[in-house]
Structure formats: C-alpha cells, structure tokens
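**Q**
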Amino acid sequence: MIQSIPTYDELFQRNIGILSEEELHTVQTSKIALAGVGGVGGVQLVALARTGISHFSIADPECYQASDVNRQYGASISTLGCKKVEVMNRVVQDINPQACVETFPRGITKANVDQFIQRADVVIDAIEYFALDEKILLAQKTREYSRYLITSPSWGYGTSMVVFSPQGVTFEEFFGVDTKEDFLIQGKRLAGRVFPLKPDYLDPYPYGEDMLEGRRPASVLCLGTFLSGALTAAEVLFILLGKQPIITAPKVIQVDLFRRSFDIVDLSHSKAC
3 MIQSIPTYDE LFQRNIGILS EEELHTVQTS KIALAGVGGV GGVQLVALAR
53 TGISHFSIAD PECYQASDVN RQYGASISTL GCKKVEVMNR VVQDINPQAC
103 VETFPRGITK ANVDQFIQRA DVVIDAIEYF ALDEKILLAQ KTREYSRYLI
153 TSPSWGYGTS MVVFSPQGVT FEEFFGVDTK EDFLIQGKRL AGRVFPLKPD
203 YLDPYPYGED MLEGRRPASV LCLGTFLSGA LTAAEVLFIL LGKQPIITAP
253 KVIQVDLFRR SFDIVDLSHS KAC
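Taking this note's numbering, the leading residue of the sequence shown gets 3, the next gets one more, and so forth.
1) When you compare each of Lys200, Asp123, Val171 to Glu237 by their alpha carbons, which one comes out closest?
2) Beta-carbon within less than 7 Å of Trp157's beta-carbon, same chain only, minus the 5 sequence neighbours each way: which residues are those?
3) Smallest Cα separation from Asp70: which of His57, Asn98, Gly41, Asp96?
4) Any idea what DSSP makes of Asp127, helix, strand or coil?
5) Based on the DSSP output, what are the partners of Phe106 in its beta bridges?
6) Between the stretch 142 to 149 and the stretch 58 to 65, can you find at least three pairs of beta-carbon atoms closer than 8 Å?
7) On the three-state DSSP scale, how would you describe Ser221?
8) By Cβ distance, which residues of its chain are closer than 7 Å to Val115, with the 5 residues on each side in sequence left out?
9) Given this structure, state the Cα-to-Cα distance separating Ile266 from Phe173, to the nearest angstrom.
10) Skipping 5 residues on each side, what residues in its chain have a beta carbon closer than 7 Å to that of Gly109?
11) Measure the C-alpha to C-alpha separation of Arg261 and Thr9 and round it to an integer number of angstroms.
12) Return the Cβ separation of Arg149 and Ile119 in integer angstroms, given the expectation that the two are a contact with Cβ distance under 8 Å.
13) For Tyr203, count neighbouring C-beta atoms within 10 Å of its own C-beta (all shown protein chains included) and say buried if the count is 16 or more, exposed if not.
14) Using C-beta distances below 6 Å, list every residue in its chain close to Ser167, excluding the 5 sequence neighbours before and after it, in chain order.
15) Quick check on the burial criterion: 16 or more other C-beta atoms within 10 angstroms. Buried or exposed for Pro155?
16) Count the other CB atoms within 10 Å of the CB of Thr31; is the residue buried (16 or more) or exposed (fewer)?
17) Let me make sure I understand the geometry here. Which of Glu23, Ile34, Val48, Gly54 has the alpha-carbon closest to that of Leu13?
18) Excluding the five sequence neighbours on either side, which residues of its own chain have a C-beta within less than 6 Å of the C-beta of Arg121, listed in chain order?
19) In whole angstroms, give me the CA-to-CA distance for Leu242 and Glu24.
20) Could you tell me whether the Cβ atoms of Val171 and Ile152 are closer together than 9 Å?
21) Please report the distance separating the alpha-carbon of Thr28 from that of Asp205.
22) Got a sec, what are the start and stop residues for the alpha helix (DSSP H) Val48 sits in?
23) Roughly how many angstroms separate the alpha carbons of Leu223 and Ser56, rounded to a whole number?
24) Would you mind reading off the limits of the alpha helix (DSSP H) that contains Tyr10?
25) Use the C-beta contact count for Asn91: other C-beta atoms within 10 angstroms, 16 or more gives buried, fewer gives exposed.
26) Over what stretch of residues does the alpha helix (DSSP H) that includes Leu139 continue unbroken?
27) Can you give the beta carbon distance from Thr105 to Glu88, rounded, assuming they're within the 8 Å contact cut?
28) Within the present structure, is the beta-carbon of Gln67 separated from the nearest heavy atom of the ligand FAD by less than 8 Å?
Here's what the structure looks like:
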C-alpha cells in the first residue's frame with residue numbers, strides 16, 4: 003500500500019528522454035476532446051493518459067455489454083451495464099489522480115458540442131459510423147474552432163487514420179457524405195474511404211450478410227483497436243509538439259499487422275463513391 007499519492011513528475015518521469023521536460027509540460031497542460039470511449043476510443047484515451055495528458059472531455063451515451071469485452075478497454079464482467087464515460091473516467095483518474103476529466107454521458111449533441119470542443123487542443127472522433135449525423139456535427143464544429151480532427155477505426159488485423167486539418171479537405175468532402183442515402187450505402191462508402199487498402203484476407207461469408215442486415219454485430223479483433231490507440235496518441239503528440247509534419251486528408255495512413263504493412267495512401271484523385 004502506497005503511503006502517499008505520487009506526483010505527476012514521479013508518474014511520468016520515464017517519458018523524459020523521449021520527450022523533453024518542456025514537451026512533457028506541454029503534454030500535461032493540453033486538453034483532448036474524445037468522442038466515443040468504447041472500442042478504439044477507450045484505448046486511445048488510455049494511451050493519451052499514459053503519455054501524461056491531464057485534461058480531457060469524453061463523450062459516450064452507451065453502457066458496456068457482453069459483446070464489448072473482446073476489445074474495449076473498460077469492458078469486463080464487473081463493468082457490464084455501467085456507463086462507459088463513468089468507467090473510463092475512473093480508469094484515467096487511477097492512472098493520474100491529477101487528471102481533469104469532463105464527462106458527457108449523453109454523447110455529442112447540438113446542445114453540448116460547443117462545450118465539448120471549445121477548450122480542446124485536438125479533437126478525436128471515435129463515434130460509431132452508423133451515427134453519421136453526430137460525426138458530421140463534430141467535424142463541422144471542430145473546423146469552426148480551428149482544431150485538428152483525428153479519426154482512426156479498426157478493421158481486421160489493422161487500423162487506419164485520417165487527420166482533418168482546419169484549413170484542408172472537410173469531413174464531408176473526403177467521405178462524399180449524403181445523409182439522405184441508405185445507411186448501408188453510406189457505411190460502404192465511409193469504410194472504402196478510410197480503408198482504401200481493403201483487407202482481402204477477410205472472407206465476408208458466412209457472416210457478412212447477417213452483419214449488413216443487423217442480425218449480428220460487426221466482426222472486430224482487439225489487435226486493430228489497440229493499434230489505433232498507439233497510432234492516434236502518436237499523432238496527437240506530433241500535433242501538440244510539432245515533432246513531425248502532419249499527414250492530412252485526403253491522405254490516409256493504414257497499418258495492417260496481417261500484411262505487416264504501413265502505407266500512406268493519397269486519395270486526392272479518387273472520388274468518394
């Protein structure tokens with residue numbers, strides 16, 4: 003049993019040497035707004051908390067269920083039925099007791115999106131793809147506040163990442179969004195854009211039709227989920243610290259452990275369809 007709570011410097015001293023003391027101070031005082039803390043979002047949150055970021059806004063309206071246990075950081079037998087934002091708030095506080103976490107248990111809405119974004123340095127979209135209206139709202143507001151928006155879903159043995167610059171290609175332009183279209187058509191378009199290199203090792207049968215018709219949840223492994231956490235956290239550091247040029251839409255970073263590949267795909271001449 004510890005006699006006293008460790009200081010911030012004690013908790014994150016091993017970041018020094020990879021980050022400078024000045025960079026770690028920047029990390030400590032930065033704020034990240036993370037919409038969705040289930041699959042990739044939960045792992046992204048933990049990766050960011052362990053880098054030393056101490057200020058977060060997190061939004062998610064859902065509770066944990068049994069099908070989340072295979073990949074979601076906060077999902078376990080003891081948390082089934084619990085609100086995701088409440089569980090992940092406790093996880094962050096247990097990593098860094100000095101962390102300040104603002105929770106939005108109703109998810110992203112028109113009424114709260116400004117409060118969610120306004121003091122954030124970077125915004126992360128980990129909202130599920132069927133919630134397209136919320137994703138568009140988040141993207142539009144992030145652009146209004148001149149912040150970078152990162153989205154990094156997982157698929158198969160890998161993940162991909164798209165970063166939207168405040169001055170660059172918009173979310174709607176990149177994905178060719180049309181909210182009047184059928185949900186399945188929208189979903190296929192979004193998946194095709196964010197994963198330009200389709201995992202051809204995946205056989206869509208016998209479960210593909212059931213997933214498309216909503217009779218079973220989408221297939222997902224924790225491997226891509228955890229990979230997304232590392233990829234996203236690194237990009238957040240690059241944005242905050244200026245350590246690397248930022249690769250933004252219409253370029254996509256795609257990583258696949260099955261292929262043992264890391265690709266940067268330029269979709270500037272590829273129409274969303």
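Glycine included, C-beta positions come from ideal geometry on N, C-alpha and C.
Keep in mind the model is a prediction, meaning the values are calculated, not measured.
**A** With the structure as the only source:
1) Taking the sequence shown and counting its residues from 1, one reaches residue 237 at position 235. Scanning Lys200, Asp123, Val171 for the CA closest to the CA of Glu237 turns up Asp123.
2) Along the sequence shown, read from residue 1 onward, the residue named residue 157 stands at position 155. Within the same chain, and ignoring the five residues on either side of Trp157 in sequence, the residues whose Cβ sits closer than 7 Å to its Cβ are Phe197, Pro201, Gly226.
3) In the sequence shown, residue 70 corresponds to position 68, counting from 1. The shortest Cα separation from Asp70 among His57, Asn98, Gly41, Asp96 belongs to Gly41.
4) As a position in the sequence shown, residue 127 is number 125, starting the count at 1. Here Asp127 sits in strand by DSSP.
5) To locate residue 106, count along the sequence shown from 1; it is residue 104. Its beta-bridge partners are Ala61.
6) In short, these stretches do not touch, since the Cβ pair count stays below three.
7) Here residue 221 is taken as the residue at index 219 of the sequence shown, counted from 1. For Ser221, the secondary structure class from DSSP, reduced to helix, strand or coil, is coil.
8) Your numbering for residue 115 matches position 113 in the sequence shown. Excluding five sequence positions before and after Val115, the CB atoms of its chain that fall closer than 7 Å to its own CB belong to Leu139, Leu140, Lys143, given in chain order.
9) For the purposes of this step, residue 266 is taken as residue 264 along the sequence shown, with counting starting at 1. For the purposes of this step, residue 173 is taken as residue 171 along the sequence shown, with counting starting at 1. Approximately 18 Å between the Cα atoms of the pair.
10) Working through the sequence shown from its first residue, we reach residue 109 at position 107. Excluding residues within five positions, the ones whose Cβ falls inside 7 Å are Ala61, Asp62, Pro63, Glu136.
11) Indexing the sequence shown from 1 puts residue 261 at position 259. Indexing the sequence shown from 1 puts residue 9 at position 7. Between the alpha carbons of Arg261 and Thr9 lies a distance of about 42 Å.
12) Walking along the sequence shown from the start, residue 149 turns up at place 147. Walking along the sequence shown from the start, residue 119 turns up at place 117. The pair is a contact, with the Cβ atoms about 7 Å apart (cut-off 8 Å).
13) Residue numbering aside, residue 203 sits at position 201 when the sequence shown is read from its first letter. It is exposed - the Cβ of Tyr203 has fewer than 16 other Cβ atoms within 10 Å.
14) To locate residue 167, count along the sequence shown from 1; it is residue 165. Within the same chain, Thr250 come within 6 Å of Ser167 by CB-CB distance, once the 5 residues on both sides are set aside.
15) On the sequence shown, residue 155 is found 153 positions in, with the first residue counted as 1. Pro155 sits buried, since 16 or more C-beta atoms from the chains shown fall within 10 Å of its C-beta.
16) Here residue 31 corresponds to residue number 29 of the sequence shown, with the count starting at 1. Flag for Thr31 reads exposed.
17) On the sequence shown, residue 13 is found 11 positions in, with the first residue counted as 1. Considering only alpha carbons, the answer is Gly54.
18) Looking up residue 121 in the sequence shown gives position 119. If you ignore the 5 residues before and after Arg121, its C-beta comes within less than 6 Å of the C-beta of Lys33, all in its own chain and listed in chain order.
19) As a first step, residue 242 must be located in the sequence shown, where it is residue number 240. As a first step, residue 24 must be located in the sequence shown, where it is residue number 22. Between Leu242 and Glu24, the C-alpha separation is close to 12 Å.
20) Position 169 of the sequence shown holds residue 171. Position 150 of the sequence shown holds residue 152. For the 9 Å CB-CB criterion, Val171 and Ile152 do not form a contact.
21) As a working note, residue 28 is residue 26 in the sequence shown. As a working note, residue 205 is residue 203 in the sequence shown. The alpha-carbon of Thr28 is positioned some 45 Å away from that of Asp205.
22) For the purposes of this step, residue 48 is identified with residue 46 of the sequence shown, where counting begins at 1. Counting along the chain, the alpha helix (DSSP H) containing Val48 begins and ends at 42 to 53.
23) For the purposes of this step, residue 223 is identified with residue 221 of the sequence shown, where counting begins at 1. For the purposes of this step, residue 56 is identified with residue 54 of the sequence shown, where counting begins at 1. Looking at the two C-alpha atoms, the distance is approximately 29 Å.
24) Locating residue 10 in the sequence shown gives position 8, counting from the first residue. The continuous alpha helix (DSSP H) containing Tyr10 extends over residues 10 to 14.
25) Reading the sequence shown from its first residue, position 89 is the one you call residue 91. The residue in question, Asn91, is buried, as its Cβ has 16 or more Cβ neighbours within 10 Å.
26) Indexing the sequence shown from 1 puts residue 139 at position 137. Per DSSP, the continuous alpha helix (DSSP H) segment holding Leu139 begins and ends at 134 to 146.
27) Position 103 of the sequence shown, counted from the start, is the residue given in the question as residue 105. Position 86 of the sequence shown, counted from the start, is the residue given in the question as residue 88. Between Thr105 and Glu88 the beta-carbon gap is near 7 Å, inside 8 Å, which marks them as a contact.
28) Among the components of this structure there are no ligands whatsoever, and the ligand FAD is therefore not found.
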